[in-house]
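Numbering (our numbering), first residue to last: 7 to 600. Glycine included, C-beta positions come from ideal geometry on N, C-alpha and C. What follows is a set of notes on a single structure, which appears directly below.
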């Protein structure tokens with residue numbers, strides 16, 4: 007939020023004529039470099055943070071950065087308006103835009119909350135006719151918007167939709183029909199209405215530019231003939247992720263036509279094949295010499311896993327989050343993957359499977375273990391602290407973990423972070439909320455205390471289990487580089503949240519649900535919120551009076567309240583963020599902006 011002043015709507019549009027009154031006193035000194043030199047140098051900077059930093063040096067650098075920037079990242083679509091962005095950056099070709107809060111992934115954000123892309127597209131069409139890339143996350147996208155996009159930007163090349171909703175395959179058909187230079191179509195985890203699978207047929211017969219195609223999240227069957235022709239034409243195709251409806255025999259035909267693939271998402275991996283067809287599939291994988299990433303494998307059967315073996319040695323990322331493999335099946339597969347850097351699996355692999363990971367994957371840097379049955383409390387299988395310990399012993403380069411488990415101990419977590427002290431992302435989810443150390447019956451405070459004390463590079467932390475305020479005292483005191491904290495079913499009093507907001511100097515996002523934090527905790531962050539991107543609190547002890555006081559004390563913050571209909575004073579959800587655009591104009595009736 008602290009960088010948003012650079013999108014002040016009063017900044018003049020004419021090059022080299024920015025009003026010095028718009029700049030802090032510290033950056034008034036003139037630059038000694040010609041504009042052309044500065045713009046050339048700054049065009050080589052690709053980090054959003056680096057570009058934001060250099061724009062603060064002085065007025066000339068601000069202008070040079072403004073005119074040389076072609077890519078923009080907006081982490082909250084309501085933190086700024088399309089009009090302000092258009093005035094601030096006149097030469098944008100690539101836009102990354104995020105919408106709804108992350109807790110919308112857990113159905114905590116009501117339907118029709120907002121984050122519609124259309125107004126942005128209308129403005130982009132006016133000021134960015136050369137737009138080439140659009141990457142959206144948790145945005146509402148209609149078929150009309152996709153058609154408008156396809157018709158408005160003749161040089162458009164890349165569309166990525168992640169966790170978006172509101173559109174159907176008719177919208178994809180518009181993209182396929184009109185985007186003649188498209189190189190990327192990436193559709194991931196979206197709430198999409200599958201009208202029909204004929205949209206792939208809309209790509210023109212002379213269309214050959216596609217490099218990335220991902221429609222794995224679509225449910226309906228697609229026209230395989232159209233897909234096969236498309237893959238055959240696009241000789242530069244590097245990424246192909248098909249949906250579950252694609253069978254093993256069809257997969258073999260696609261691999262024969264695209265042996266150059268670097269990333270593959272298979273369809274269903276359960277189909278009766280004759281021996282000859284099975285050997286043909288294995289040979290197809292053997293000929294994929296460049297394959298580095300493998301995903302999909304829906305309903306994978308151990309009968310056919312061996313066809314993957316010829317390609318496994320070159321894999322750096324294996325995503326088995328849709329494959330309910332048992333430990334013995336998984337162990338045989340993972341033994342062929344010595345060069346993995348990233349692994350996603352379901353907890354059906356159990357501790358034995360994770361022990362194999364520790365033995366076979368010494369280069370592993372990231373592991374995510376998801377629950378196969380997250381809402382079934384009677385499931386006995388899964389992973390425990392033993393599997394996590396085994397991975398930490400054998401994979402000392404580990405720096406990212408997301409781990410859903412049935413049980414955990416303080417001692418195990420302390421040992422894990424001693425083995426792997428370079429964690430930047432540590433997300434531990436003990437499935438049963440409020441569960442203590444199952445051996446000592448003590449809270450899990452010391453576990454997360456060990457994490458923040460030992461892992462000095464930690465940027466993202468998600469906590470779980472039985473936690474007192476002591477956990478948050480540790481976080482506030484030791485987590486100096488923490489940027490994102492997610493908390494659920496934890497804490498004893500307001501003091502816990504106060505400790506976090508009083509420490510953690512780099513905190514940008516704080517997500518809290520089902521915790522006893524109230525008004526005192528909320529109001530303790532008055533000095534912190536302007537330097538943060540957002541605060542989300544749901545099912546806590548916050549009241550309307552507390553939210554009103556926050557809005558009064560911090561008028562530059564948007565304080566959005568979603569009330570509990572049965573209680574006028576209690577606030578069910580509150581979303582707090584800074585915006586240079588002021589209160590949003592499309593808030594639905596159930597969202598009250600204070």
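Host alpha helix (DSSP H) of residue i (start-end)
| i | result |
| --- | --- |
| residue 258 | 254-263 |
| residue 69 | 65-74 |
| residue 480 | 475-484 |
| residue 397 | 391-400 |
| residue 507 | 500-508 |
| residue 176 | 175-184 |
| residue 289 | 281-292 |
| residue 194 | Per DSSP, residue 194 belongs to no alpha helix (DSSP H); it is in the beta strand (DSSP E), 190-194. |
| residue 124 | 124-133 |
| residue 425 | 416-425 |
| residue 232 | 230-239 |
| residue 77 | From DSSP, residue 77 is part of no alpha helix (DSSP H) but of the beta strand (DSSP E) over 77-80. |
| residue 336 | 333-340 |
Assumed close pair residue i, residue j - CB separation to whole angstroms, cut-off 8 Å
| i | j | result |
| --- | --- | --- |
| residue 166 | residue 190 | 7 Å |
| residue 220 | residue 186 | Actually they are not in contact, since the Cβ atoms of residue 220 and residue 186 sit about 20 Å apart, beyond 8 Å. |
| residue 137 | residue 162 | 6 Å |
| residue 203 | residue 226 | 5 Å |
| residue 423 | residue 456 | 5 Å |
| residue 268 | residue 244 | 5 Å |
| residue 594 | residue 119 | 7 Å |
| residue 82 | residue 583 | 6 Å |
| residue 321 | residue 343 | 5 Å |
Residue span of the beta strand (DSSP E) that contains residue i, given as start and end
| i | result |
| --- | --- |
| residue 271 | 269-271 |
| residue 350 | 348-352 |
| residue 583 | 577-584 |
| residue 409 | 406-411 |
| residue 550 | From DSSP, residue 550 is part of no beta strand (DSSP E) but of the alpha helix (DSSP H) over 550-559. |
| residue 249 | Here residue 249 belongs to no beta strand (DSSP E), and DSSP marks it neither H nor E. |
| residue 519 | 515-519 |
| residue 102 | 100-104 |
| residue 601 | Given a span of 7 to 600 for the chain in the structure shown, any question on residue 601 remains unanswerable. |
| residue 94 | Residue 94 -> not in any beta strand (DSSP E); alpha helix (DSSP H) instead, spanning 88-94. |
| residue 199 | 197-199 |
| residue 143 | 139-143 |
| residue 527 | No beta strand (DSSP E) contains residue 527, which is instead part of the alpha helix (DSSP H) from 525-529. |
CB contact flag (residue i, residue j, <8 Å)
| i | j | result |
| --- | --- | --- |
| residue 149 | residue 177 | yes |
| residue 404 | residue 370 | yes |
| residue 106 | residue 80 | no |
| residue 433 | residue 464 | no |
| residue 410 | residue 500 | no |
| residue 214 | residue 240 | yes |
| residue 206 | residue 232 | yes |
| residue 304 | residue 326 | no |
| residue 548 | residue 568 | no |
| residue 263 | residue 288 | no |
| residue 188 | residue 151 | no |
| residue 517 | residue 537 | no |
| residue 290 | residue 261 | yes |
| residue 524 | residue 546 | yes |
| residue 539 | residue 522 | no |
| residue 636 | residue 345 | Given a span of 7 to 600 for the chain in the structure shown, any question on residue 636 remains unanswerable. |
Residue environment, residue i, which counts as buried when at least 16 other CB atoms sit within 10 Å
| i | result |
| --- | --- |
| residue 65 | buried |
| residue 363 | buried |
| residue 313 | buried |
| residue 578 | buried |
| residue 50 | exposed |
| residue 181 | buried |
| residue 581 | buried |
| residue 591 | exposed |
| residue 445 | exposed |
| residue 10 | At residue 10 the pLDDT is 45, less than 50, meaning the model places this residue with poor confidence; the figure from the coordinates comes in the next sentence. When all chains shown are included, residue 10 counts as buried. |
| residue 31 | Residue confidence is low: residue 31 scores 43 on pLDDT, short of 50, so the model does not pin down where it sits. Its coordinate-derived value is still stated next. Exposed: under 16 other Cβ atoms inside 10 Å. |
Below-8 Å beta-carbon distance, residue i vs any chain D residue
| i | result |
| --- | --- |
| residue 237 | Absent from the structure is chain D; it holds one protein chain and no more. |
Residue i CB to nearest heavy atom of the ligand NAD below 7 Å
| i | result |
| --- | --- |
| residue 178 | This structure lacks the ligand NAD, and indeed carries no ligand of any kind. |
Within 8 Å, do at least three Cβ pairs link the region 276-283 to the region 235-252? no
Tell me whether the region 428-444 and the region 405-419 touch, counting them as touching only if at least three CB pairs, one residue from each stretch, are closer than 8 Å. yes
For the region 129-138 against the region 106-116, are there 3 or more C-beta pairs whose distance is under 8 Å? no
Tell me whether the region 477-491 and the region 510-525 touch, counting them as touching only if at least three CB pairs, one residue from each stretch, are closer than 8 Å. yes
Should the region 84-100 be regarded as contacting the region 541-556, the criterion being three or more beta carbon pairs within less than 8 Å? no
Closer than 8 Å is the cut-off here; do at least three beta carbon pairs connect the region 526-538 with the region 585-593? no
For the region 333-343 and the region 394-404, state whether three or more C-beta atom pairs, one from each stretch, are separated by less than 8 Å. no
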